[in-house]
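Colleague: Numbering (this note's numbering), first residue to last: 48 to 401. Could you have a look at this structure, given as structure tokens, before my questions?
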Amino acid sequence: MLYTLTMDQAKKQKTFRQNNFYTMQDTGIGFLVALLAPYAISLLVILVCQTIIAGGVDGTALSESIGYKIVTALISPVAFCIAFFAFNKVKKISIKAAKVDFKIGTKNMIMCFVISVVCFFGCMYFIGGIDHLLQLGGYKLSGISMPVDNAGWLVLSLIIFAVLPAIFEELIFRGMLLNGLREGMGDVSALFMSAFLFAIMHGSLQQLIYPFILGVVLGWIAMRTGSTFCSMLVHFLNNATAVIINYFTVRNELNMSIEYNAWQWVLAVGLVLVAAAIIYVIERFYFKHKNQEKPLTQPAQEGETDKPNQTNIGSASTKKSLSSVPLLLWIGIGIAIILFIVNTAVAFMPSASA
Numbered sequence: 048m049l050y051t052l053t054m055d056q057a058k059k060q061k062t063f064r065q066n067n068f069y070t071m072q073d074t075g076i077g078f079l080v081a082l083l084a085p086y087a088i089s090l091l092v093i094l095v096c097q098t099i100i101a102g103g104v105d106g107t108a109l110s111e112s113i114g115y116k117i118v119t120a121l122i123s124p125v126a127f128c129i130a131f132f133a134f135n136k137v138k139k140i141s142i143k144a145a146k147v148d149f150k151i152g153t154k155n156m157i158m159c160f161v162i163s164v165v166c167f168f169g170c171m172y173f174i175g176g177i178d179h180l181l182q183l184g185g186y187k188l189s190g191i192s193m194p195v196d197n198a199g200w201l202v203l204s205l206i207i208f209a210v211l212p213a214i215f216e217e218l219i220f221r222g223m224l225l226n227g228l229r230e231g232m233g234d235v236s237a238l239f240m241s242a243f244l245f246a247i248m249h250g251s252l253q254q255l256i257y258p259f260i261l262g263v264v265l266g267w268i269a270m271r272t273g274s275t276f277c278s279m280l281v282h283f284l285n286n287a288t289a290v291i292i293n294y295f296t297v298r299n300e301l302n303m304s305i306e307y308n309a310w311q312w313v314l315a316v317g318l319v320l321v322a323a324a325i326i327y328v329i330e331r332f333y334f335k336h337k338n339q340e341k342p343l344t345q346p347a348q349e350g351e352t353d354k355p356n357q358t359n360i361g362s363a364s365t366k367k368s369l370s371s372v373p374l375l376l377w378i379g380i381g382i383a384i385i386l387f388i389v390n391t392a393v394a395f396m397p398s399a400s401a
């Protein structure tokens, strides 16, 4: 009888973990699905556009239309949304596994605002300088241009470029991938691996350095607060700041561009160092000894379920090497690198009109 009870309890604990926590194996499948989903939807959009053009609509006019730009801007967040919820549905994993705890406290909310401001303005001129160097090297900067010359377009841009990416990119990269990687790699390795996946997913040289830096910061804040909602908040504030600055720039009410010379590079690097110092101070004096994550609580008896505010920080002692990374994740990384190289090569190619 005792053996039977022990076996039943072990099965319940295994089922509990499978339904409430991501694993290393989940990261491989999850990243591969999230990587390919935007391309699948892009292909569908292309097929629809080809059908429309075949019906007599001018292709150039279609590609320059506002509707087309909105659709293309929505491809990634919609793809990540579908990938996340479809993955959880198929794997029968609870949404709680993403650790989206809205009860973060006032202090953490204020700290999220501070971190987002420090990260954005600390890196702004440095990343702008990198873009400047890329352009000098013949790289064509990419981006989706939308009219933001009135309040209505501003709100729409905030939804498309700030709200949706903050929610669905965080669910994928911090909610699923970071938490899954922590189960097998340890916190530090998982933090940098998830940031690398976040950066390489963007698929371009232009969007490599800052997404990696931001990915580290977002992963750090998610781990330190125990809630993916905090990383969502920082992500939203970061993107929203960029949208708002662009809004006032388009209206000729703000000009934050600079001419890059030696002194401007000193300023850019100096701001990065100041931002890093502030982040260190926050880590050292605010988050140290203040890790708010709670230990895993398994259901002790039949019928008991996990409480919403209980999270799993992973096994700090189980720090495995890169050999613990599942094959599917390596395959996903390989595909992402190939796409990155192709996109970068295309961006350096001279335009047809040149």
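Glycine included, every Cβ here is placed at the ideal spot set by N, Cα and C.
For a quick check, are the C-beta atoms of Phe78 and Leu224 less than 8 Å apart?
Modeller: yes
Colleague: Where does Leu320 land, buried or exposed, given buried means 16+ other C-beta within 10 angstroms?
Modeller: Under this definition Leu320 is an exposed residue.
Colleague: Taking Phe415 and Gly262 to be in contact with their CB atoms under 8 Å, please state how far apart those CB atoms are, rounded to whole angstroms.
Modeller: This structure does not reach residue 415, given that the chain is present from 48 up to 401, and the question cannot be answered.
Colleague: Once the 5 residues before and after Ile385 are set aside, which same chain residues still bring their CB inside 7 Å of it?
Modeller: none
Colleague: Mind checking Thr275: buried by the 16 CB within 10 Å criterion, or exposed?
Modeller: Around the CB of Thr275, 16 or more other CB atoms lie within 10 Å, so the residue is classed as buried.
Colleague: Got a sec? Which residues, its chain only, sit under 6 Å from Leu280 by beta carbon, not counting five neighbours each side?
Modeller: Cys159
Colleague: Does the Cβ-Cβ distance between Val290 and Ala209 come in under 8 Å?
Modeller: yes
Colleague: Suppose you measure from the CA of Asn302 to the CA of Thr296; what does that come to, to the nearest Å?
Modeller: Between Asn302 and Thr296, the C-alpha separation is close to 6 Å.
Colleague: Expressed to the nearest angstrom, what Euclidean distance is found between the alpha-carbon atoms of Pro397 and Arg331?
Modeller: 48 Å
Colleague: Exposed or buried, what is Thr98 when buried is set at 16 or more other beta-carbons lying within 10 Å of its beta-carbon?
Modeller: exposed
Colleague: Any chance you could list the alpha helix (DSSP H) runs of at least 4 consecutive residues sitting entirely within the segment 174 to 257, in chain order?
Modeller: 198 to 205, 211 to 217, 226 to 232 and 234 to 248
Colleague: I need the straight-line Cα distance from Asn356 to Gln311, nearest angstrom please.
Modeller: With a pLDDT of only 39 at Asn356, under the threshold of 50, the placement of this residue in the model should not be trusted; the figure read from the coordinates follows. Between Asn356 and Gln311, the C-alpha separation is close to 47 Å.
Colleague: Please confirm whether Leu90 and Gly379 have their CB atoms less than 8 Å apart.
Modeller: Contact annotation: Leu90 and Gly379 have beta-carbon atoms that are not nearer than 8 Å.
Colleague: If you draw a straight line from the alpha carbon of Val138 to that of Ser123, how long is it in whole angstroms?
Modeller: According to the sequence provided, residue 138 is Lys. The question's Val does not apply to it. Roughly 22 Å separates the two Cα atoms.
Colleague: Can you tell me which of the three DSSP states Tyr172 falls into?
Modeller: helix
Colleague: Considering Ala379, what are the terminal residues of the alpha helix (DSSP H) in which it resides?
Modeller: Correcting the residue type first, residue 379 is Gly in the shown sequence and not Ala. Looking at the DSSP string, the run of the alpha helix (DSSP H) that includes Gly379 is Leu374 to Phe395.
Colleague: Is it a yes or a no for the segment 165 to 172 touching the segment 231 to 243, going by three-plus beta-carbon pairs under 8 Å?
Modeller: no
Colleague: Considering Cα atoms alone, identify which of Ile140, Met248, Ser278 and Gly381 is closest to Ile157.
Modeller: Ser278
Colleague: Using beta-carbon positions only, say whether His282 and Ala213 come within less than 8 Å of one another.
Modeller: yes
Colleague: Considering Ile326, what are the terminal residues of the alpha helix (DSSP H) in which it resides?
Modeller: It spans Ala309 to Ile329 - the alpha helix (DSSP H) in which Ile326 sits, taken as one unbroken run.
Colleague: Does DSSP put Thr70 in a helix, a strand or coil?
Modeller: For Thr70, the secondary structure class from DSSP, reduced to helix, strand or coil, is coil.
Colleague: Does the distance from the CB of Ala130 to the CB of Val80 come in under 8 Å?
Modeller: yes
Colleague: In its own chain, which residues sit with a C-beta less than 7 Å from the C-beta of Gln182, not counting the 5 before and 5 after it?
Modeller: Leu188
Colleague: Can you find the residues in the same chain that come closer than 8 Å, C-beta to C-beta, to Val118, ignoring five residues on each side of it along the sequence?
Modeller: These residues qualify, in order along the chain: Val92.
Colleague: Does the distance from the C-beta atom of Ala315 to that of Phe173 stay below 8 Å?
Modeller: For Ala315 and Phe173, yes; Cβs fall inside 8 Å.
Colleague: Going along the chain, which residues of its own chain have a beta-carbon closer than 8 Å to the beta-carbon of Ile318, five neighbours each way excluded?
Modeller: In the sequence as displayed, the identity of residue 318 is Leu instead of Ile. So the list reads Phe168, Gly169, Cys170, Met171, Tyr172 and Phe173, once near-sequence residues are dropped.
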